[in-house]
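Protein sequences appear in the order of chains R and Y.
Okay, so the first sequence: first residue is 160 according to our numbering, each after it adds one.
Okay, so the second sequence: first residue is -7 according to our numbering, each after it adds one.
Ideal Cβ positions, reconstructed from N, Cα and C, are used throughout, including at glycine.
Reading through the structure tokens given below for one structure.
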Amino acid sequence: MKHVDAIIVGGGPAGLAAAIELRRKGIDDILILEREKKPGGILRQCIHDGFGLTRFGETLSGPEYAARFVREAESLEIPCLTDTTVLEITPDRHVFASSSEHGMMEFEAGAIILAMGCRERTRGAISIPGTRPAGVYTAGVAQAYINLKNKMVGRRVIILGSGDIGMIMARRMTLEGAEVLGVFEVQPYASGLPRNVEQCLNDYNIPLSLSHTVTDIRGTDRLESVVISEVDDHMQPIPGTEKEYECDTLVLSVGLIPENELTWMAGAEKDPGTSGPAVDENYQTTVPGIFAAGNVLHVHDLVDFVSLEAEALADSAARFITQGSLPESKLAVRGGELVGGLTPSRISGESDVTVSFRVRRPLRDCTVEIRQGETVLKRRKMAKALPAEMIQIKLAADKLNTTDDLEVTVSC
Amino acid sequence: MLREFTCIMCPQGCDISVELEGKTIKGISGNKCPKGEAYVTQEIENPMRNIATSVLVDGGDLPLASVRLSGVIPKDRIFDVMAEIRKVEVPAPVHEGDVVIADVLGLGVDVIVTKDVEAA
């Protein structure tokens, strides 16, 4: 069994940024374990541009954004085992992994960085009734077929869900000659960014229908049609509104879930608000020495914030590796009713904190307030707040006390 | 005439309201930065977009190399440019920044590779 100071599970944007920053902080003994054949994560198939505006001050395609980190990691000679699957992580920081080349491997880690990202919700996750023909894909799978494998998924396409990947695939398939009949969203508002409604749907005259969902899938071998219904205020289909659309492809863009099987195996507690692990301001889970950042922690809107979060994580992981522990975080972080996906879940009150969350529904002219007891630490007025956008607010250590829980509220 | 725009220059996606007289902007509000006004001006005169797609690679470790344009093109030329890009097959290896079509259709922009594909 080999000891490694820092094992990073996942070589996507979070893992690569954490590895590079750890090395810069003086941690030499690092190992990245990556399931795919090449590092870069999901960015390898996100060939559209728009990445990097915050992190690099310019707009890049996904592969270009990833390559900046891959090349940096290579120039720093950070080892990365690809084609390697992590099978188990134990609470005492043993990591079991396997690959065809090396067989079973066991490592003992000074710190473990969880950077596994997220996965897509599937047809099963939202229980769409109907038959089970070919031609039903999640948006990311369709994207991988088209952008990595040169396989066109279909010609007449319906998209369920207005997540960013779904809208980006609507444009991508249109450019490749498919007819995208429409994007249907169960909520009364688009779940992706407004710019993608504009540049991916409106630019190509693809209709977006809000408060609609798929209520039947028809076809034996290949998808033949789907039935779309309007939904009421409680997102229940309204009888009599059914409309059948002939199509050979249904693309689902119905949400992302942090991929945390290994996290739970290691004994880390879940944060019910994010579906990711509960962490403190150091991105440390409830298991000492196991850290999480990026989409495995909470689903981000922009990769730039994934990179920045992983770099912040590296700072605390490096301190843990050199000091053996971090100050305990005993104060709870709580969100009001309009606050969703709030992280971290607890803080010490002794160091800087970045609070991340999303509003639960689109709001106008609202005020975000962060309080400890009676003290208002931050108040931010927002003309517009959308669930599609992650809100991040930094709090400096010298403003915090070490006795009161942190409350995050949004009011209109 | 009042026209509403959603700015696509960055992920903030500002809602911009513009008071127009013909093609002249008489008033603008909602944009948080100067890029918004530049975007709206362009949208009124001649909407421009970048596109991303892929080219076939012969003998590479991947079948495709992703590409984008070095700059924006008129929105109504997108499908013409797609047709040009679809004709291209390049031999491996290709590297980020390689030009696969220079000055595509005389529009003044190049089609450039955004992903390294090595020879298999």
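*Figure out for me which residue from Y:C6, Y:G5, Y:R(-5), Y:A30 has the closest Cα to the Cα of E13 (chain Y).*
Relative to E13 (chain Y), the option among Y:C6, Y:G5, Y:R(-5), Y:A30 whose CA is nearest is Y:R(-5).
*Could you please give me the residues that DSSP links to I387 (chain R) through a beta bridge?*
R:V373, R:K402
*Please name the residue, chosen from R:V410, R:E528, R:T243, R:C571, that lies closest to K553 (chain R) on a Cα-to-Cα basis.*
R:E528
*Which residues in the same chain as S113 (chain Y) place their Cβ atom closer than 6 Å to its Cβ, once the five residues preceding and following it in sequence are excluded?*
Any answer about residue 113 (chain Y) is impossible in this case: the structure gives chain Y only from -7 up to 112.
*Run of the beta strand (DSSP E) containing F479 (chain R), from where it starts to where it stops*: Not the beta strand (DSSP E): F479 (chain R) falls in the alpha helix (DSSP H), residues 462 to 482.
*Can the beta-carbon of T(-2) (chain Y) be found closer than 8 Å to that of E357 (chain R)?*
The beta carbons of T(-2) (chain Y) and E357 (chain R) sit closer together than 8 Å.
*Quick one: grab the DSSP three-state call for E267 (chain R).*
strand
*DSSP beta-bridge partners of Q551 (chain R)*: Bridge partners of Q551 (chain R) according to DSSP: R:S515.
*Output the distance between the C-alpha atoms of L360 (chain R) and A178 (chain R), rounded to the nearest integer angstrom.*
37 Å
*Looking only at its own chain, which residues have a Cβ that is under 7 Å from the Cβ of L54 (chain Y), when we skip the five neighbours before and after it?*
The answer, listed in chain order, is V109.
*Does the distance from the CB of R381 (chain R) to the CB of D407 (chain R) come in under 8 Å?*
yes
_Length of the line joining the Cα atoms of G169 (chain R) and D7 (chain Y)_ = 37 Å
_DSSP three-state label for K308 (chain R), please._
It is coil, neither helix nor strand.
*asked:* Considering only their Cβ atoms, is the gap separating L202 (chain R) from G171 (chain R) smaller than 8 Å?
replied: Taking 8 Å as the cut-off, the beta carbon of G171 (chain R) is found closer than this to the beta carbon of L202 (chain R).
*For R505 (chain R): DSSP bridge partner residues*: R:A491
*Indicate whether at least one CB of chain R lies closer than 8 Å to the CB of T41 (chain Y).*
Per the sequence shown, residue 41 (chain Y) should be read as Arg rather than Thr. Yes, because at least one Cβ of chain R sits closer than 8 Å to the Cβ of R41 (chain Y).
_Looking at V316 (chain R): is its Cβ nearer than 8 Å to the Cβ of V410 (chain R)?_
yes
*asked:* Please classify S570 (chain R) as buried or exposed, where buried requires at least 16 neighbouring CB atoms within 10 angstroms.
replied: exposed
*Drop a sphere of 10 angstroms on the beta-carbon of V438 (chain R), count the other beta-carbons inside from all chains shown, and report buried for 16 or more, exposed for fewer.*
buried
*Return no unless some Cβ of chain Y is closer than 8 Å to the Cβ of N309 (chain R).*
True, the Cβ-Cβ gap to chain Y drops below 8 Å.
*Opening and closing residue of the alpha helix (DSSP H) in which Q34 (chain Y) lies*: 26 to 37
*Answer with yes or no whether the minimum CB distance from I365 (chain R) to chain Y is below 8 Å.*
no
*In angstroms, rounded to a whole number, what distance separates the CA positions of A547 (chain R) and P26 (chain Y)?*
If you draw a straight line from the Cα of A547 (chain R) to the Cα of P26 (chain Y), it is about 24 Å long.
*Whole runs of the beta strand (DSSP E) within the stretch 417 to 456 of chain R, excluding any shorter than 3 residues*: 449 to 451
*asked:* Helix, strand or coil, according to DSSP, for G283 (chain R) in the structure here?
replied: DSSP places G283 (chain R) in helix when its eight states are reduced to three.
*May I ask you to list, following chain order, the residues of the stretch 503 to 526 of chain R that have a beta carbon less than 8 Å from some beta carbon of chain A?*
Here the protein chains are R and Y, and chain A is not one of them.
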